[in-house]
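Undergrad:
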Amino acid sequence: MKAIVRTKAGKALSTMEVQELPVANLLPYQIKVKMASSRINPVDIDLMKGMPFLKYKKPQIGGIDGAGEVAAIGASVQGFAPGDRVFFYRKFSDIGTWAEEITINASDVATIPQNTSITEAGGIALPLLTAYEALQHLKVKAGEKILIHGAAGGVGFQATQLAIKLGLEVVATAGERDFELLQKVGVRAIISYKTQDFAQEIKSKGVDYVFDTIGGEVLKKSLALQPKKVVSVHYVDTAKMIKTGVKLPVFLKFIMKMMMSKFTRLAKKYGVELIGQVTGADGDLLRQVSQEVGQMNFIVKPSKSLKLSEITQKGMSQKDLGKVILFTE
Ligand SMILES: NC(=O)c1ccc[n+]([C@@H]2O[C@H](COP(=O)([O-])OP(=O)(O)OC[C@H]3O[C@@H](n4cnc5c(N)ncnc54)[C@H](OP(=O)(O)O)[C@@H]3O)[C@@H](O)[C@H]2O)c1
Numbered sequence: 049m050k051a052i053v054r055t056k057a058g059k060a061l062s063t064m065e066v067q068e069l070p071v072a073n074l075l076p077y078q079i080k081v082k083m084a085s086s087r088i089n090p091v092d093i094d095l096m097k098g099m100p101f102l103k104y105k106k107p108q109i110g111g112i113d114g115a116g117e118v119a120a121i122g123a124s125v126q127g128f129a130p131g132d133r134v135f136f137y138r139k140f141s142d143i144g145t146w147a148e149e150i151t152i153n154a155s156d157v158a159t160i161p162q163n164t165s166i167t168e169a170g171g172i173a174l175p176l177l178t179a180y181e182a183l184q185h186l187k188v189k190a191g192e193k194i195l196i197h198g199a200a201g202g203v204g205f206q207a208t209q210l211a212i213k214l215g216l217e218v219v220a221t222a223g224e225r226d227f228e229l230l231q232k233v234g235v236r237a238i239i240s241y242k243t244q245d246f247a248q249e250i251k252s253k254g255v256d257y258v259f260d261t262i263g264g265e266v267l268k269k270s271l272a273l274q275p276k277k278v279v280s281v282h283y284v285d286t287a288k289m290i291k292t293g294v295k296l297p298v299f300l301k302f303i304m305k306m307m308m309s310k311f312t313r314l315a316k317k318y319g320v321e322l323i324g325q326v327t328g329a330d331g332d333l334l335r336q337v338s339q340e341v342g343q344m345n346f347i348v349k350p351s352k353s354l355k356l357s358e359i360t361q362k363g364m365s366q367k368d369l370g371k372v373i374l375f376t377e
């Protein structure tokens, strides 16, 4: 089978290469999946460049999420059968979805929403899981107001639709080209991050919550708005990192805490509860959100795609970020 493999450590996606590899043996607790699609997520870039505390397999197949069809199940697997349409997100310590066929722990896998195609599902697995869990942290009530940054992005667009489903009033930040899409799913207040200052726009009206997918100054300015809670995918809560399958050494925990301290201090100053979202492989949570999405009027934002044969010919680059790799022609 063909797989997209990391050929050099400490380099970007440009060193990824399509190679012919044997399919791994199916363990009793695993599922064999014929891959359909997988998004090139921001985290894939970091993972393929290399994280110092991660042990990479040799050869290391890229990719951390995706969707496909069950080809076979291990002896102790229940709840899945060959032919099922599934999607999944893996641990940092167990990456590898960019291949025609993979084996994956059944505990990381969920059936895809009934109203979502198999290609679309591979484009939203990690963003959907992230959005769902982050919103759960906020414990919102219908009628409250949430500011969602990057509301038309991978994580942001799933969060926007889920927040509306929860009865929240959404204020979105996005670029103008995404305004129409956001209006289509019911967002009434949209602020252009390119031409407007969201802090000025919100200031007097206030919001109950902020969902931050941008970090840096955007996170700082969001804390200054003094919502009740801010959930941020850029605020690293080191205690939660174990969910990714990685046990951070003490010195790295300390460095990360230091890096985050500018946000921690501001949250304290403004009396805001700041919650760090760290997404780990979690088939149960993915099954929950899949069921909810299946009952919603849910839209998957169209993404550019990349065929395996194109990667064989031209390789990959940073420009491919956000595209969905298609494993069947
Ligand atoms: N902590 C976790 O567990 C976790 C999990 C998943 C993702 N993440 C992180 O979450 C971030 C977002 O991921 P993603 O997949 O959603 O990325 P994405 O698909 O690239 O979405 C980012 C969105 O933000 C918009 N944007 C850029 N600058 C902005 C600004 N200043 N204000 C408001 N919007 C802005 C972009 O608009 P344009 O298209 O106009 O540029 C785009 O729509 C990444 O940094 C990723 O690493 C973390």
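If you use our numbering, the sequence shown corresponds to residues 49 to 377, in order. Idealized CB from N, CA, C, for every residue including glycine.
(1) Taking 6 angstroms as the cut-off, does the CB of Ala60 come closer than this to any heavy atom belonging to ligand 1?
(2) Name the two residues that bound the continuous beta strand (DSSP E) containing Glu321.
(3) My output table needs one value for Ile112: the three-state DSSP class, helix, strand or coil.
(4) So the candidates are Ala272, Leu271 and Met308; which of them puts its Cα closest to the Cα of Ala287?
(5) With burial defined as no fewer than 16 other Cβ atoms inside 10 Å of the residue's Cβ, what is the status of Gly58: buried or exposed?
(6) Would Asn73 be called buried (16 or more neighbouring beta carbons within 10 Å of its own) or exposed?
(7) May I ask whether a heavy atom of ligand 1 can be found less than 6 angstroms away from the beta carbon of Ile143?
(8) First and last residue of the beta strand (DSSP E) that includes Leu216?
(9) Between the alpha carbons of Ala123 and Thr360, how many angstroms are there, rounded?
(10) Could you give the residue range of the alpha helix (DSSP H) that holds Gln78?
(11) Does the pairing of the stretch 186–203 with the stretch 224–237 give three or more beta-carbon distances under 8 angstroms?
(12) Ends of the beta strand (DSSP E) at Gln67?
(13) At a cut-off of 6 angstroms, would you count Lys262 as near ligand 1, judging by its Cβ distance to the nearest heavy atom?
(14) Can you name, in chain order, every residue of its own chain whose Cβ lies under 6 angstroms from the Cβ of Thr327, other than the five neighbours on each side?
(15) How big is the Cα-Cα spacing for Val255 and Ala182?
(16) Could you check where the beta strand (DSSP E) with Thr360 kicks off and where it finishes?
(17) Roughly how many whole angstroms lie between the Cα atoms of Asp113 and Ile79?
(18) Could you work out which residue in Leu369, Leu195, Met289 and Ala315 is closest to Glu249 when comparing CA atoms only?
(19) Looking at Ile150 and Ala115, is the spacing between their C-beta atoms short of 7 angstroms?
(20) Taking the alpha-carbon positions, what's the Ile373 to Ala154 distance?
(21) Does DSSP put Asp260 in a helix, in a strand, or in coil?
(22) Give the list of continuous beta strand (DSSP E) stretches no shorter than 3 residues that lie fully inside the stretch 139–201.
(23) Tell me the DSSP secondary structure of Arg236 in three-state form.
(24) Please report the distance separating the alpha-carbon of Gln336 from that of Val188.
(25) If you measure from the CB of Gln248, is any heavy atom of ligand 1 nearer than 6 angstroms?
(26) Can you tell me the Cα-Cα spacing of Asp142 and Met364, whole angstroms?
(27) Can you grab the Cα-Cα spacing for the pair Met83 / Asp260, in whole Å?
(28) Within its chain, find whatever has a CB closer than 6 angstroms to the CB of Pro175; leave out the 5 residues flanking it on each side and keep chain order.
(29) Should Pro90 be listed as close to ligand 1, given that the test is whether its C-beta is under 6 angstroms from any heavy atom?
(30) Relative to the C-alpha of Ala315, which residue among Leu267, Glu217 and Gln244 is closest?
(31) Does the Cβ of Gln366 lie closer than 6 angstroms to at least one heavy atom of ligand 1?
(32) Measure the alpha-carbon distance for Met96 versus Thr145 and round it to whole angstroms.
(33) Closer than 6 angstroms by C-beta to Asp156: which residues in its own chain qualify, once you throw out the five before and the five after it? Chain order, please.
TA: Concretely, from the data shown:
(1) Here residue 60 refers to the residue found at position 12 when the sequence shown is read from its first residue. No - ligand 1 has no heavy atom lying nearer than 6 angstroms to the Cβ of Ala60.
(2) Working through the sequence shown from its first residue, we reach residue 321 at position 273. In the DSSP annotation of this structure, the continuous segment of the beta strand (DSSP E) that includes Glu321 starts and ends at Glu321 to Gly324.
(3) Mapped onto the sequence shown, residue 112 falls at position 64. DSSP places Ile112 in coil when its eight states are reduced to three.
(4) Counted from its first residue, the sequence shown places residue 287 at position 239. Restricting attention to Ala272, Leu271 and Met308, the CA atom closest to the CA of Ala287 is found in Met308.
(5) One-based indexing of the sequence shown puts residue 58 at position 10. Here Gly58 is exposed, its C-beta having fewer than 16 other C-beta atoms within 10 Å.
(6) Numbered from its first residue, the sequence shown carries residue 73 at position 25. Classification for Asn73: exposed.
(7) Start at 1 with the first residue of the sequence shown, and residue 143 comes out as number 95. Incorrect: Ile143 has no Cβ contact closer than 6 angstroms to ligand 1.
(8) The sequence position of residue 216 within the sequence shown is 168, counting from 1. No beta strand (DSSP E) holds Leu216; DSSP gives it neither H nor E.
(9) Residue numbering aside, residue 123 sits at position 75 when the sequence shown is read from its first letter. Residue numbering aside, residue 360 sits at position 312 when the sequence shown is read from its first letter. Whole-angstrom Cα-Cα distance: 35 angstroms.
(10) Translated into positions along the sequence shown, residue 78 becomes position 30. Counting along the chain, Gln78 falls outside any alpha helix (DSSP H), though it belongs to the beta strand (DSSP E) covering Gln78 to Arg87.
(11) yes
(12) If you number the sequence shown from 1, residue 67 lands on position 19. Under the DSSP assignment, Gln67 falls in the beta strand (DSSP E) whose first and last residues are Met64 to Glu68.
(13) Here residue 262 refers to the residue found at position 214 of the sequence shown. Going by the sequence as given, residue 262 is Ile instead of Lys. Checking every heavy atom of ligand 1 against the Cβ of Ile262, one is found closer than 6 angstroms.
(14) Your numbering for residue 327 matches position 279 in the sequence shown. Cβ neighbours of Thr327 beyond the five flanking positions: Leu177 and Thr178.
(15) To locate residue 255, count along the sequence shown from 1; it is residue 207. To locate residue 182, count along the sequence shown from 1; it is residue 134. Distance from the CA of Val255 to the CA of Ala182, rounded to the nearest whole angstrom, comes to 17 angstroms.
(16) Counting from 1 along the sequence shown, the entry for residue 360 is found at position 312. Careful: Thr360 lies outside any beta strand (DSSP E), inside the alpha helix (DSSP H) at Leu356 to Lys362.
(17) Here residue 113 refers to the residue found at position 65 of the sequence shown. Here residue 79 refers to the residue found at position 31 of the sequence shown. Cα to Cα, the separation comes out at about 14 angstroms.
(18) Numbered from its first residue, the sequence shown carries residue 249 at position 201. Ranked by how close their Cα comes to the Cα of Glu249, the residues Leu369, Leu195, Met289 and Ala315 have Leu195 in first place.
(19) Against the sequence shown, residue 115 aligns to sequence position 67. Against the sequence shown, residue 150 aligns to sequence position 102. Taking 7 angstroms as the Cβ cut-off, Ala115 and Ile150 do not qualify as a contacting pair.
(20) Taking the sequence shown and counting its residues from 1, one reaches residue 373 at position 325. Taking the sequence shown and counting its residues from 1, one reaches residue 154 at position 106. Going from the Cα of Ile373 to the Cα of Ala154 covers about 22 angstroms.
(21) Along the sequence shown, read from residue 1 onward, the residue named residue 260 stands at position 212. If DSSP states are grouped into helix, strand and coil, Asp260 belongs with the strands.
(22) 149–153, 157–159 and 193–196
(23) The residue given as residue 236 occupies position 188 in the sequence shown. Note: Arg236 maps to coil in three-state DSSP.
(24) On the sequence shown, position 288 is the one that residue 336 refers to. On the sequence shown, position 140 is the one that residue 188 refers to. In a straight line, the C-alpha of Gln336 is about 17 angstroms away from that of Val188.
(25) Reading the sequence shown from its first residue, position 200 is the one you call residue 248. Not under cutoff, so the answer is no.
(26) Position 94 of the sequence shown, counted from the start, is the residue given in the question as residue 142. Position 316 of the sequence shown, counted from the start, is the residue given in the question as residue 364. C-alpha separation (whole angstroms): 22 angstroms.
(27) On the sequence shown, residue 83 is found 35 positions in, with the first residue counted as 1. On the sequence shown, residue 260 is found 212 positions in, with the first residue counted as 1. Their backbone Cα atoms lie some 31 angstroms apart in a straight line.
(28) As a working mapping, residue 175 is identified with position 127 in the sequence shown. In chain order, Gly202, Val203 and Gln206 place their CB closer than 6 angstroms to the CB of Pro175, counting only its own chain and leaving out the 5 sequence neighbours on each side.
(29) The residue you call residue 90 lines up with position 42 of the sequence shown. Answer for Pro90: yes, Cβ within range of ligand 1.
(30) Position 267 of the sequence shown, counted from the first residue, corresponds to residue 315. Comparing Cα positions, the closest option is Leu267.
(31) Here residue 366 is taken as the residue at index 318 of the sequence shown, counted from 1. Flag unset: Cβ of Gln366 not near ligand 1.
(32) Residue 96 sits at position 48 when you count from the first residue of the sequence shown. Residue 145 sits at position 97 when you count from the first residue of the sequence shown. Going from the Cα of Met96 to the Cα of Thr145 covers about 12 angstroms.
(33) Here residue 156 refers to the residue found at position 108 when the sequence shown is read from its first residue. Counting only Cβ-Cβ distances below 6 angstroms, and skipping sequence neighbours, we find Phe136, Arg138, Ala329 and Gly331.
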